[in-house]
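Same order as they appear, the protein sequences are chains X and A. Quick note, my numbering runs 1 ahead of the 1-based positions in the first sequence. No gaps in the numbering here: position 103 of the second sequence is 99 in my numbering, and each next residue is one more. Glycine residues also receive a C-beta, built at the ideal position from the N, C-alpha and C atoms.
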Amino acid sequence: MKILVPVKRVLDYNIKPRAKADGSGVELTGLKMSMNPFDEIALEEAIRLKEKGIASEVVAVSCGQTSSQDTLRTALALGADRAILIEHDGEFEPLAVAKCLVKLIEQEQPKIVICGKQAIDDDANQTGQMLAALLNWSQATFASKVEVEEDRLLVTREIDGGLETLSVTLPSVVTTDLRLNDPRFATLPNIMKAKKKPLETIQANTLGIDLTPRVTILGVREPDPRSSGVRVDSVDSLIDKLKHEAKVIA
Amino acid sequence: MTTLIVAELEKNQLKESVRQLIAASTPIPGEKHLLIMGHQLDKALAECQLLPHISKIIVADDASLSDESAEKMAEVVLSIAEQYSHILTPATAFGKNFLPRVAARLDVPQLSEVIQVKDAEHFSRPIYAGSLITDVKVTEKIIPMTIRISAFDAVQGRNANGATIEKLSMPTLPNISQRVSLNLHDSTRPQLDSAKVVVSGGRGLSSQENFHALLEPLADKLNAALGASRAAVDLGYAPNDYQVGQTGKIIAPNLYIAVGISGAIQHLAGMKNAKCIVAINKDPDAPIHQVSDYSLVGDLNEVIPELTSKL
């Protein structure tokens, strides 16, 4: 059983994002980029399924610029068997990414696609569901537990108010929530070995898909800042402020 | 131009978030229709008839829809989607699950977590966990979007709206996903996403026992919902659906009391639009103090019982 894991190169989790001075986008020049944390969890889950002998091959795919090769090398160092870059220089919207993945899936024929539930840059939370819809596959989003049965997956999902367990028919798209697993770190020997693993590049414009962005970004700005608050020195003073200044308690 | 609002239900009842969806749709000209999906919807339908600005209510009532499967709900919406210019649903686990399927099948982009609707083509949404806001323009024949409920004030009023009621003839529904079990927490507390007051705990609570022993009496006094940081959930102090933040719930209560929460940017993303924020933390340099209206630096094991007893 082959598993496909889409991974995205994003601004590192620990860096505070800033708008470009002219407000045309997000400043990324010279900043540390990393694999989207939810995709690390997706990759970890796929690798564990391979270690258990359930998956036969784990293929990592990234849609983005040439620099996304770094993210794919990381995926290979973590345990993916091979990697594919679908290269495109401009804005890559979730729907266009999903359409590119459909083309790749027609060739690769994976049984399961595991992807992060959202990328921490655009916070769209769309690609996995869109991919499942275009393929007419089942989906199991926001997964916190995945078990593979013969031709089905048993997936526990994190939903508002609690947990839901689904049984979905394969092939299927799973999107990962935070508590699915704790991703491993790449070891130095594995980073060295990853350099020899296959990494193929496909030009996105050869796939016959219209990649033109359809959402026009008019500007990117910082939200209005909160005015800085005050220190109170006692519980009595806090209660007094809440009652008489903020008037949020009676 | 006609807008379709897809309402979220809970245990067959209409959730209050529908009133914020109606508010969000106000700047879009034209009629507003409402869709409810599920089974045994009489009570929910009665509630829908008391909502302002709704001219038509479409009821998709079928036993197979009671499990809220994304595959099925997307088919139902798709069966009527072509009649609409905009499709709005809440940016909750409910809406996020099925709406991208609808958008992809219509071959249109989706907007997620919209916080401002300026007119029929101009919208704003947060990116990077709310660290930045992007203003966008979309000119598609249909614009599906999930709405960040906490960014809108609910429409008021409970007069009969006289809306037309249409029973939807059910399209063929796929059968590729079944619900095996559903474990919802039974709680007498207000719901986290609609509570006026939220008491939220973090790593500083140091154990599950302490989390509940300290925070529940305080929440009881304030009639508050309980929330938690990701750290507290990961450590098992609180269940997953308590999580407030970028990947948990995004809320805007009147009062948010953060107890033993350091204030990672991902947590701030979930609560920084609260009207009044109180931080109680022993670390004077914790980032939570920077967004707080009132900061109390102290040991929560002493401060919380004192606060509870004096309220």
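On the three-state DSSP scale, how would you describe residue i?
| i | result |
| --- | --- |
| T213 (chain X) | coil |
| P7 (chain X) | strand |
| V287 (chain A) | helix |
| M166 (chain A) | coil |
| N157 (chain A) | coil |
| S25 (chain X) | coil |
| G220 (chain X) | strand |
| A20 (chain X) | strand |
| R15 (chain A) | helix |
| Q152 (chain A) | coil |
| N8 (chain A) | coil |
| S21 (chain A) | helix |
| S202 (chain A) | coil |
| I1 (chain A) | strand |
| I42 (chain X) | helix |
| A220 (chain A) | coil |
| S146 (chain A) | helix |
| M193 (chain X) | helix |
| L303 (chain A) | helix |
| A144 (chain X) | strand |
| L47 (chain A) | coil |
| L12 (chain X) | strand |
Along the chain, where does the beta strand (DSSP E) containing residue i start, and where does it finish?
| i | result |
| --- | --- |
| A191 (chain A) | Per DSSP, A191 (chain A) belongs to no beta strand (DSSP E) and is neither H nor E. |
| S63 (chain X) | 58 to 65 |
| H89 (chain X) | Unbroken run through H89 (chain X): none, as it is neither H nor E. |
| K28 (chain A) | 27 to 34 |
| R232 (chain X) | 231 to 233 |
| L200 (chain X) | 200 to 204 |
| G175 (chain A) | What sits at residue 175 (chain A) in the sequence shown is Arg, not Gly. Segment 173 to 180, the beta strand (DSSP E) holding R175 (chain A). |
| S183 (chain A) | Run containing S183 (chain A): none; DSSP gives neither H nor E here. |
| M34 (chain X) | 34 to 36 |
What residue range does the alpha helix (DSSP H) around residue i cover?
| i | result |
| --- | --- |
| L239 (chain X) | 236 to 245 |
| T75 (chain X) | 69 to 79 |
| L41 (chain A) | 38 to 44 |
Exercise for the section: Please specify which runs of the alpha helix (DSSP H), each continuous and at least 4 residues long, are wholly inside the stretch 52 to 140 of chain A, giving them in chain order. Expected result: As far as the stretch 52 to 140 of chain A is concerned, its whole alpha helix (DSSP H) runs of at least 4 residues are 66 to 77, 89 to 102.
Practice task
Please determine if the stretch 21 to 31 of chain A and the stretch 101 to 121 of chain A are in contact, where contact requires at least 3 C-beta pairs separated by less than 8 Å.
Solution key: yes
Handout entry: Residues within the stretch 41 to 61 of chain X neighbouring chain A, beta-carbon criterion of under 7 Å
Key = none
Practice task
Tell me the start and end of each unbroken beta strand (DSSP E) in the stretch 147 to 191 of chain X that is at least 3 residues and wholly inside, in chain order.
Solution key: 153 to 160, 163 to 170, 173 to 177
Exercise for the section: Would you list, in chain order, the members of the stretch 9 to 29 of chain X that have their beta-carbon closer than 7 Å to a beta-carbon of chain A? Expected result: K17, P18, A20, V27
Exercise for the section: Select from the stretch 227 to 240 of chain X all residues with a C-beta closer than 9 Å to any C-beta belonging to chain A, and list them in chain order. Expected result: R227, S228, S229, G230, V231, R232, V233, D234, S235, V236, D237, S238, L239, I240
Problem - Where the stretch 160 to 188 of chain A meets chain X: residues whose CB sits under 7 Å from a CB there - result: I172, S173, Q174, R175, V176, S177, L178, N179, L180, H181
Handout entry: Chain-ordered residues of the stretch 132 to 148 of chain X with a beta carbon less than 9 Å from chain A
Key = L132, A133, A134, L135, N137, W138, S139, Q140, A141, T142, F143, S145
Practice task
Would you check if the stretch 51 to 58 of chain X and the stretch 191 to 202 of chain X touch, i.e. whether three or more CB-CB distances between them fall below 8 Å?
Solution key: no
Practice task
Kindly confirm or deny that the stretch 210 to 227 of chain X and the stretch 255 to 264 of chain A touch, where touching means at least three C-beta pairs closer than 8 Å.
Solution key: no
Practice task
For the stretch 226 to 299 of chain A, list the alpha helix (DSSP H) runs that are entirely contained and at least 4 residues long, ordered along the chain.
Solution key: 226 to 230, 261 to 267, 284 to 287
Problem - Those runs of the beta strand (DSSP E) which lie wholly inside the stretch 88 to 136 of chain X and span at least 3 residues - result: 113 to 117
Problem - the stretch 51 to 63 of chain A / the stretch 124 to 131 of chain X touching (three or more Cβ pairs under 8 Å) - result: no
Handout entry: chain X contacts made by the stretch 124 to 151 of chain A, where a contact means CB separation under 9 Å
Key = Y124, A125, G126, S127, L128, I129, T130, D131, V132, K133, V134, T135, E136, T142
Exercise for the section: Please determine if the stretch 24 to 32 of chain X and the stretch 155 to 168 of chain X are in contact, where contact requires at least 3 C-beta pairs separated by less than 8 Å. Expected result: no
Exercise for the section: Check distances from the C-beta atoms of the stretch 286 to 297 of chain A to those of chain X and list, in chain order, the residues that come in under 8 Å. Expected result: Of all residues in the stretch 286 to 297 of chain A, the ones placed with a Cβ closer than 8 Å to any Cβ belonging to chain X are Q286, V287, S288, D289, Y290, S291, L292, V293, in chain order.
Practice task
Could you run through the stretch 96 to 118 of chain X and flag, in chain order, every residue whose CB is less than 8 Å away from some CB of chain A?
Solution key: L96, A99, K118
Practice task
Take every Cβ of the stretch 71 to 87 of chain X, pair it with every Cβ of the stretch 39 to 49 of chain X, and state whether three or more of those distances are shorter than 8 Å.
Solution key: yes
Handout entry: Touching by the beta-carbon criterion (3+ pairs, under 8 Å), the stretch 200 to 217 of chain A and the stretch 111 to 118 of chain X
Key = no
Practice task
Select from the stretch 69 to 92 of chain A all residues with a C-beta closer than 8 Å to any C-beta belonging to chain X, and list them in chain order.
Solution key: A70, T88, A89, F90, K92
Exercise for the section: Would you list, in chain order, the members of the stretch 231 to 244 of chain A that have their beta-carbon closer than 8 Å to a beta-carbon of chain X? Expected result: Correct list: P235, N236, D237, Q242, T243.
Practice task
May I ask you to verify whether the stretch 197 to 208 of chain X touches the stretch 84 to 95 of chain X, counting CB pairs closer than 8 Å and requiring at least 3?
Solution key: yes
Problem - Touch test, the stretch 66 to 73 of chain A against the stretch 164 to 179 of chain A, Cβ-Cβ under 8 Å, three pairs minimum - result: yes
Exercise for the section: With 7 Å as the C-beta to C-beta threshold (strictly closer), list the residues of the stretch 67 to 83 of chain X near chain A in chain order. Expected result: The residues in question: there are none.
Practice task
Closer than 9 Å, Cβ to Cβ, to anything on chain X: give me those residues from the stretch 34 to 61 of chain A, in chain order.
Solution key: none
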